[in-house]
Amino acid sequence: MTPQELRALCLSFNAAVEDFPFNPETSVFKVLGKMFALSALDARPLTVNLKCDPDDAIRLRADHPGLVVPGWHMSKRHWNTVTADAGLPDRLVRELVEDSYDLVVAGLPRTERLRLDRP
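What follows is the structure, given as C-alpha cells:
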C-alpha cells in the first residue's frame, strides 16, 4: 500500500478528516474528533497506528511478527503499529483500517453514531 492509498482509504470513511495536531509530518485521521489512524505518510517503512480489539491485537502480532507490533506511543493493549508497505496484503491493511474506524465509531455516543448514519 502506498502513502496515497492509505490516505485515500482513511478519508473514504464517513465524516473522516485528516488533522496534524502533533507536527506537520504526522497525519492523524479522526472521526468526529476521535482518532482511528495515525501515520507519518512520508516515512519508510510506511507504518500506521490502528485501534484494535485486544484479543485480535495479540493474534495479529503473532501471525505477522515484525509487521504488526504493539502500538508505538499508544496503549499497547488497544493499538497496533502496522507496516503497510512491506509484505502484508493490501486487503488485510484495508480491513485493519476499517476495523479501527468501526471500533472508534462504536465508542461514540449514540447521538453521534446516529449522525453518521444520515446521508
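Here our numbering runs 18 ahead of the position in the sequence shown, where the first position is 1. Using N, Cα and C, we set each Cβ at its ideal position, and we do this for glycine too.
Hey, could you find the ends of the beta strand (DSSP E) residue i is sitting in?
| i | result |
| --- | --- |
| S30 | From DSSP, S30 is part of no beta strand (DSSP E); its letter is neither H nor E. |
| P39 | Note, P39: premise wrong, no beta strand (DSSP E); not H, not E. |
| L68 | 65-69 |
| P88 | 86-88 |
| T99 | 97-101 |
Using a threshold of 8 Å, state whether the C-beta atoms of residue i and residue j are closer than that.
| i | j | result |
| --- | --- | --- |
| L27 | V115 | yes |
| T65 | A102 | yes |
| L132 | V100 | no |
| C70 | D37 | no |
With burial defined as no fewer than 16 other Cβ atoms inside 10 Å of the residue's Cβ, what is the status of residue i: buried or exposed?
| i | result |
| --- | --- |
| S93 | exposed |
| L134 | exposed |
| V122 | buried |
| T20 | exposed |
| W90 | exposed |
| A75 | buried |
| V35 | exposed |
Report back the beta-carbon spacing between residue i and residue j to the nearest angstrom; my notes put them in contact at under 8 Å.
| i | j | result |
| --- | --- | --- |
| P72 | R95 | 5 Å |
| F54 | Y119 | 5 Å |
| L24 | L59 | 7 Å |
In the DSSP assignment, the alpha helix (DSSP H) including residue i goes from what residue to what residue?
| i | result |
| --- | --- |
| L50 | Run containing L50: none; DSSP gives neither H nor E here. |
Report task. Mind the definition here: the region 72-87 touches the region 48-55 only if three or more C-beta pairs lie below 8 Å; say whether that holds. Result -> no
Query - the region 39-48 touching the region 84-99, judged by at least three CB pairs closer than 8 Å - result: no
Requested in this report: Could you tell me whether the region 125-132 touches the region 106-114, using the rule of 3 or more Cβ pairs below 8 Å?
Outcome: no
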